[in-house]
Structure formats: structure tokens, C-alpha cells
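Using the working numbering, read the sequence shown as starting at 6 and increasing by one per residue. Here the structure is laid out as C-alpha cells; the discussion comes afterwards.
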Amino acid sequence: MTSWARGREEIIGMLQRRELTQVVADAELAERMLSTARRHLTSAEALAAADPYLAYAALHDAVRKSLAALLQIQGLRATTTGGHLAVQHAARAQFGASMGAILRPVDRIRTTRHESEYPTSSTWIDEDSVRDDLPAATAVVDAAERALHHLSPFVL
Numbered sequence: 006m007t008s009w010a011r012g013r014e015e016i017i018g019m020l021q022r023r024e025l026t027q028v029v030a031d032a033e034l035a036e037r038m039l040s041t042a043r044r045h046l047t048s049a050e051a052l053a054a055a056d057p058y059l060a061y062a063a064l065h066d067a068v069r070k071s072l073a074a075l076l077q078i079q080g081l082r083a084t085t086t087g088g089h090l091a092v093q094h095a096a097r098a099q100f101g102a103s104m105g106a107i108l109r110p111v112d113r114i115r116t117t118r119h120e121s122e123y124p125t126s127s128t129w130i131d132e133d134s135v136r137d138d139l140p141a142a143t144a145v146v147d148a149a150e151r152a153l154h155h156l157s158p159f160v161l
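Given below as C-alpha cells:
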């Protein structure tokens, strides 16, 4: 395993702005995060008809936790300053070149989940919304699982 060079300057900038922080790299925790993400996908599918808003939140959480697992195995974690966007930006900085098509729907999924949490009169999430985005979310989790053990701790 080698130190991850792609996106290095962006990650250093995020650390300097305190959007990310360094933590102990923990492969076991990263694997647990991916397992949780996988369960969230199963929950999203099961809840799609009965509670599409909760199902969509599970879909977003699966994406976010799988990307956070990629940071965790490198000894990186989003701070409250960086939040969910920091996870997304760090993943795009490091993996955008190799996972660009897979990561493309991530921002739309995050925005849709945000709209469901803070709805307007035009906000509408239904079973089709969940089922339409489930394959994209699954692709993100699958890609994170494939990449996980090719990563090493981020070294300044």
C-alpha cells in the first residue's frame, strides 16, 4: 500500500480549514461502517413503499457512510465544520478520476435527502424516487468496498 497522492493538496487544505481531522486509521471500524452502509441499502429497499422519506434518508446514509469508511481507513474524518459535504468533497478529490461516474449522483442524492428533511410544498419523495436512486447508491457502496483495502493512512 502506498500513500494516496491523488487529491493530496485538497485533503491538506481541508485539514488546514478543519473540515477534516486526522484520527487513528482503523480498518475494522471502516469495515463496520461499510457493513452499516450495506444494511442501510437493504433498509431503503424494504421501506421504499411504506416510508419513502425514511428510505431515502437510509439511501443517503449508505452513500455517506461508505465514503466516510474510505476516509476512516486513511485516518481521516469529517469534522462538524466540514460535515457531510467534507466527506463528499474529500471522496471526489481522491477518487473522482477513477470513480467519477459512480460519484456523479452523490450530490444529487445528498440534496434530495436534504430537501426531504426540510421540505417545501413542492417536495415529493415516493417509492419510485428511492428505487430510481438505489442502484446509484449501491454502486457507491460497492466501489468503496473494492477500494477500501487498497488505501493506507494519509501522511502529511
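Ideal Cβ placement from N, Cα and C applies to all residues, glycine included.
Checklist entry - Going by other Cβ atoms of all chains shown within 10 Å of its Cβ, with 16 needed for buried, is I78 buried or exposed? => result Walking along the sequence shown from the start, residue 78 turns up at place 73. Burial call: buried.
Next on the checklist: My assumption, with CB atoms under 8 Å, is that L81 sits in contact with A95. Please give the rounded CB distance.
Outcome noted: One-based indexing of the sequence shown puts residue 81 at position 76. One-based indexing of the sequence shown puts residue 95 at position 90. Right, the Cβ-Cβ distance comes to about 7 Å (below 8 Å), so this counts as a contact.
Next on the checklist: Per DSSP, what are the beta-bridge partners of A83 in this structure?
Outcome noted: For the purposes of this step, residue 83 is taken as the residue at position 78 of the sequence shown. DSSP, once it has assigned bridges, lists L25 as partnering A83.
Checklist entry - Under the three-state reduction of DSSP, which class applies to L34: helix, strand or coil? => result In the sequence shown, the residue the question calls residue 34 occupies position 29. Helix at L34.
Checklist entry - Taking D147 as the reference, which of A30, L161, L75 and D133 has the closest Cα? => result Position 142 of the sequence shown, counting from 1, holds the residue named residue 147. Answer by Cα proximity: L75.
Checklist entry - CB-CB under 6 Å to A60, same chain, minus the five flanking residues each way: which ones, in chain order? => result The residue you call residue 60 lines up with position 55 of the sequence shown. Taken in chain order, the residues that qualify are A49, L52, A53 and V135.
Item to check | Three-way DSSP call (helix, strand, coil) for A141 in this model | outcome: Taking the sequence shown and counting its residues from 1, the one referred to as residue 141 is at position 136. Residue state, collapsed to three classes: helix.
Item to check | Residues near H89 by beta carbon distance below 8 Å, same chain, minus five either side | outcome: Indexing the sequence shown from 1 puts residue 89 at position 84. So the list reads R69, A83 and R115, once near-sequence residues are dropped.
Item to check | Simplified DSSP assignment, three categories, for A149 | outcome: The residue labelled residue 149 in the question sits at position 144 within the sequence shown. The answer is helix: DSSP assigns A149 an H, G or I state.
Checklist entry - Do you know whose CA, among L20, R113 and S157, lies nearest A62's CA? => result The sequence position of residue 62 within the sequence shown is 57, counting from 1. Answer by Cα proximity: R113.
Item to check | Between the CA atoms of G101 and L20 - distance to the nearest angstrom | outcome: Numbered from 1 along the sequence shown, position 15 holds the residue referred to as residue 20. Numbered from 1 along the sequence shown, position 96 holds the residue referred to as residue 101. Between L20 and G101, the C-alpha separation is close to 19 Å.
Next on the checklist: Here's the rule: buried if 16 or more other CB atoms are within 10 angstroms of the residue's CB, otherwise exposed. What is I130?
Outcome noted: If you number the sequence shown from 1, residue 130 lands on position 125. Buried.
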